Amino acid sequence: MHGMVTDSAGAPLNGATITVKGTARSTKTNISGQFSIEAATGDILQVSFVGYVAKEQPVTGDMITIRLSRAQSELDQIVVIGYGSVKKKDLTGAVSVVKTEDLQNIPVPRVDQMLAGRIAGAEFVSTDGQPGSGTSVRIRGSRSITASNEPLYIVDGVMDGINNLNDLNPSDIASISVLKDASSTAIYGSRGANGVIIITTKSGIDRGGKADLNLRVSHGFAEMASYLDLMNATEFAQLLNDRFYFQSTANQSLPLSAYPYPDPLSLGKGTDWQRTVTHHAPFSNYALSASGGNKNSQYYFSGNYDDIGGVIINSGMKRYQARLNMDQTISKYVKAGLRLSYSATRRDQPMTYTGAYANWSSTYIMIAPIVPAYGADGNLNNWNSQQYSGGIYDSPLAQVLLRKNTTNDGSLSSMFYMEVRPIKDVLLRSTISYSNYLMNGDAEIPSTMPTRAANGSGALIAKSESRNTGLLNENTIGYKHNFGSDHHFDALYGFTIQKQKFNSMNVGGSGYFIDETALNDIGSIPDKNNLTVGSSVQIQTRMSHLARVNYNYAEKYYLTATMRKDGASNFASGNKWGYFPSAGFRWNVLKEGFMKNSNIDEFGIRLSAGMAGNDAIARYQSLNRLSSTTSGYLFGGAQPVAYYPTSISNDGLKWEKTTTYNAGADLSFFHKRLNITLDAYQSKTSDLLLTVQLPTQTGFSTRLMNFGKTSNKGVELTVSYDNIRSRNFNWSTSFTIAHNSQQVDDVGLLGRVVTNTYTYGAQYMINGYEKGMPLNAIYGFQYAGVWKNQAEIDQNKIDKKYVSASTGFYTPGRQRYIDQNHDGVLNTDDEVYLGNSDPIVYGGLQNTFRYKKAFLSVYFNYSWGGDLYNPVEMFMGTGTYLNNQFRYMVNAWNPVRNPDSDIPRADSKDDIPNDRFVHNASFLRLKAVSLGYTFDLSRITAQKLKSIALSVNGSNLFLLKYYNGFDPEVSTQSGGSTLRRIDNGAYPPNRTITFTAEIKF
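Per numbering that gives the first Met the number 0, the very first residue in the sequence shown carries number 0; after that it's consecutive.
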């Protein structure tokens, strides 16, 4: 028989499941909602589709049309939570969900690109634009100062199942749940304070022994999303002439012919280094998946290959991925399954100099435009500059063409589960999972690199290897029973144990003269004193007991209570165990009699409170620790290895604890077309682990102790609306907005604590924390323009309003700063709060249009308010160094051309942190656009070839910003919370265009 499945408006439903009741015969609808299946008159067809009410339809002939009505609202969707799943309308906690259908039209290679702005209260920021780079994730802001603020990742029930969110193949994902409040996260105890992201991958379905095959091929290119507005050769030559003019009084009387560049115009534009070392980078993706099975056995298999070029020459990533998910019903009482995935990745990436403000990627924007890429002899040129203490450095082009920096990593994750249902209301489940992550790195600066060839120093190499393994066993027993028609009860108890081991090794040296064999024959180094070797092993174990009880009365009142007891080897005996309780309540108001005639479709109120922990500190912090040295005394003419204490133990170290209170509401209106979720929350974190300076006489410099406090509060709103819902045309909109504020409540007797500094004669503060201030505060000096003339300088001797970096800088055209204490000296006492890197509000907006078999998706994300600090400007916005400058330096102070300018003159001579380098981080980004059409071929090919979908997709297509750097959405520092949005010149962001063909069999 043949048939069609549609919604209530007559629009076809693609992917609805049709099963002949009581048999294993099953099929799915095609893109036109059509299906065919073997059935006899009188058989019952069971029809289901996500988001719609399931229906049973008797067979009365060989043609049938089945209409499904939408489920009551989005609140009827199933939500995966810790150790279980519930309907969204039964949730007592704050959980956001990204569903399978939300991901279908977003063929992107990175998971963070799918999520940014789609989940209220969660920030997903790429650490840089390099293929395969990591992602910084914050759920409801930061809480800790020294420990990690990253959430816990659960993949198919496995903790720590991934090393990087972007190691997952987006095509394998079925749903993503983000747990945000204590009622949801406390079940994960010491790992849940920063939120939990639960990712469920696709599983097989009962297809009566048949298989669904899906082949997707994508090709595209990436390009620089934007370029910095920098000087060209003519402008830079004029800047050098100005420097020459200011260097001495004698120079000011010299003729133009005596200047370094008498005719700057003759140099033209010079070398545009931004475009010299970047290009249009091609990329491709090939993905194949198969799913199917029968009543007892289901499977899902996928293979994926990515070849992604980086916009910087000779950078990129190649990745192979495979996944196998299997489920087997062994008997009426026993079910088992397997989740197995493997990923192998090769990354070619730029090398970095050492030092906080010498990121490699910033060198190609710093190099002077007057430097040609190639010398007169046709060889790669050197960069002769005073950028780094007057040395000679290889040009960026030489670096990208000759240097090598490659990492190869492999990741294996496996999980086996078994479920036993001995009696009707009891479910026993046991899982055992194993993960293995191996990374090998090779880096080489060859002896042929111009600077190394010039001084005969030979090749410099570095080789590293790290391996992280994990073993996790989780056992739960669940009980679920209904007492009468109104009392619904379920309970869960679990016991888990986990062990992780971290191994690392590194070796490096310099002085190799056979580049081809250096990395594979490290022992051939001529001078063994130039060889360094290091290794380490660390082990961490955890043990937990967990319990949860759910009760609801008549689906009107819901109560949830959880408790988790965690033990971790991170802490000393006496403090190894922590207890993390929570409770949640939900009131489905619409069930009340006084709401009977309401126009509201759904109305639920949620309240929750609870505690979660954070054990994400370095291992062995509670112990006395030793370090080794070979620089001690000689014994018998030989140099022994000596060990010496480097830290003092602290048996009192304990968990950081976060207590969270949440109030929320879920509403649905206009026949389930408008859905609203609103949450307000407050959290307080105590027992923060902070570093304390110790007296010199102790023999130790610092000690980690518990005594800090922080707090968070905010609101989140998610709105979705079906603007138009008809047979041929649908238009839906979703919108998220969130506000979070966080501050430091207590740092004991520490006062102001510096976490990020810059040295210019003295160490000056950029980031830090102090009581009553934002957690992500930026500090520095308040810029007060430049000294316009000598009269201003003389008047300031009386007023004492301003101060310069040193006595020699009281000169017209040089910087001046507000003297906060009017003592006439610029020092750290004059540093003040300059800004907060946290946005005021952030979120996203998506519009999806469907007309018959065509679709268009347009997605924006945004951030308003908040600041970022750009230390690169200290090199490129002061004229102090002989590297390129931002173009605004053409308007620098000059006694003739620009006597009223507040931009310092070309030899300003100080580059200390100040608010001239603090920028508004607000932006509006056209994050993604997808346009496609699906051709239904099932009728033509007798269902062997079901459909072909063609689409074109663009990401990062448009960015509206205030910032003069590449991108305000930067997260180039990945340490504590106080190091976010410091733009040290990371790998530049890019724009991508992708063409995709997807074939379903």
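We put the beta carbon where it would ideally sit given N, CA and C, even for glycine.
Just so you know, these numbers come straight off a predicted model, no measurement behind them.
Supposed contact pair residue j and residue i - C-beta distance, whole angstroms, cut 8 Å
{"i": "Gly32", "j": "Pro11", "result": "3 Å"}
{"i": "Val419", "j": "Tyr332", "result": "6 Å"}
{"i": "Ala192", "j": "Ala611", "result": "4 Å"}
{"i": "Leu151", "j": "Tyr187", "result": "6 Å"}
{"i": "Met594", "j": "Phe584", "result": "Actually they do not touch by this definition, with Cβ atoms about 18 Å apart."}
{"i": "Gln781", "j": "Val824", "result": "With 8 Å as the limit, Gln781 and Val824 do not qualify as a contact, their Cβ atoms being about 15 Å apart."}
{"i": "Arg215", "j": "Thr995", "result": "6 Å"}
{"i": "Asn613", "j": "Thr657", "result": "7 Å"}
{"i": "Val78", "j": "Leu90", "result": "6 Å"}
{"i": "Ala905", "j": "Ala891", "result": "6 Å"}
Counted within 10 angstroms of its Cβ, other Cβ atoms place residue i as buried (16 or more) or exposed
{"i": "Lys20", "result": "exposed"}
{"i": "Asp111", "result": "buried"}
{"i": "Leu949", "result": "exposed"}
{"i": "Phe634", "result": "exposed"}
{"i": "Gln246", "result": "exposed"}
{"i": "Thr59", "result": "exposed"}
{"i": "Tyr352", "result": "Any answer about Tyr352 is weak, because its pLDDT of 45 lies below 50 and its placement is not dependable; what the coordinates show is given next. With fewer than 16 Cβ atoms within 10 Å of its Cβ, Tyr352 is classed as exposed."}
{"i": "Ser183", "result": "buried"}
{"i": "Ala453", "result": "exposed"}
{"i": "Lys800", "result": "exposed"}
{"i": "Asn404", "result": "buried"}
{"i": "Gln385", "result": "In this predicted model, Gln385 has a pLDDT of only 40, less than 50, meaning its place in the structure is not dependable; the value taken from the coordinates is given anyway. Exposed, since its Cβ has fewer than 16 Cβ neighbours within 10 Å."}
{"i": "Val195", "result": "buried"}
Simplified DSSP state of residue i, which is helix, strand or coil
{"i": "Phe854", "result": "strand"}
{"i": "Gln819", "result": "coil"}
{"i": "Gln246", "result": "helix"}
{"i": "Ile298", "result": "According to the sequence shown, residue 298 is Tyr rather than Ile. Tyr298: strand per DSSP, three-state reduction."}
{"i": "Gly292", "result": "strand"}
{"i": "Thr995", "result": "strand"}
{"i": "Ser252", "result": "helix"}
{"i": "Ala236", "result": "helix"}
{"i": "Glu830", "result": "coil"}
{"i": "Leu633", "result": "coil"}
{"i": "Ile329", "result": "coil"}
{"i": "Ala517", "result": "helix"}
{"i": "Phe874", "result": "helix"}
{"i": "Val399", "result": "helix"}
{"i": "Thr697", "result": "helix"}
{"i": "Ala920", "result": "coil"}
{"i": "Gly592", "result": "helix"}
{"i": "Lys708", "result": "strand"}
{"i": "Gly128", "result": "coil"}
{"i": "Thr91", "result": "coil"}
{"i": "Gly603", "result": "strand"}
{"i": "Lys86", "result": "strand"}
{"i": "Ile797", "result": "helix"}
{"i": "Thr1038", "result": "The chain is shown from 0 up to 1000; residue 1038 falls before or after that span and cannot be answered."}
{"i": "Val1011", "result": "Nothing can be reported for residue 1011, as the shown portion of the chain is limited to 0 through 1000."}
{"i": "Asn598", "result": "coil"}
Query raised in the report: Are there three or more Cβ pairs, one per stretch, closer than 8 Å when the segment 360–371 is compared with the segment 258–275?
Result: yes
**Report entry** Those runs of the alpha helix (DSSP H) which lie wholly inside the segment 403–474 and span at least 4 residues
**Finding:** 449–454
Report task. Check whether the segment 461–475 touches the segment 498–507, taking contact to mean three or more Cβ pairs, one atom from each stretch, closer than 8 Å. Result -> yes
Query raised in the report: What residue ranges within the segment 635–671 form continuous alpha helix (DSSP H) runs of no fewer than 4 residues, ordered along the chain?
Result: none
Query raised in the report: Are the segment 513–532 and the segment 475–484 touching by the rule of at least three beta carbon pairs closer than 8 Å?
Result: no
Requested in this report: Ignoring anything shorter than 3 residues or poking outside the segment 149–203, list the beta strand (DSSP E) runs there in chain order.
Outcome: 151–154, 172–178, 195–200
Query raised in the report: Is the segment 114–130 touching the segment 650–670, taking contact as three or more C-beta pairs under 8 Å?
Result: no
Query raised in the report: Counting Cβ pairs closer than 8 Å, one from the segment 285–297 and one from the segment 196–214, do we hit at least three?
Result: yes
Query raised in the report: Three or more beta-carbon pairs under 8 Å between the segment 391–400 and the segment 432–450, yes or no?
Result: yes
Query raised in the report: Do the segment 875–895 and the segment 227–244 meet, that is, are 3 or more Cβ pairs less than 8 Å apart?
Result: yes
Requested in this report: Decide if the segment 911–919 is in contact with the segment 952–970; the criterion is three or more beta carbon pairs, one per stretch, under 8 Å apart.
Outcome: yes
Requested in this report: Pick out the complete beta strand (DSSP E) segments inside the segment 518–553, 3 residues or longer, and give them in chain order.
Outcome: 530–552
Query - Cβ contact (3+ pairs, closer than 8 Å) linking the segment 701–715 and the segment 632–649 - result: yes
**Report entry** Any 3 or more C-beta pairs closer than 8 Å across the segment 765–779 and the segment 791–809
**Finding:** no
Query raised in the report: Pairing CB atoms from the segment 535–547 with CB atoms from the segment 483–502, are three or more of them under 8 Å?
Result: yes
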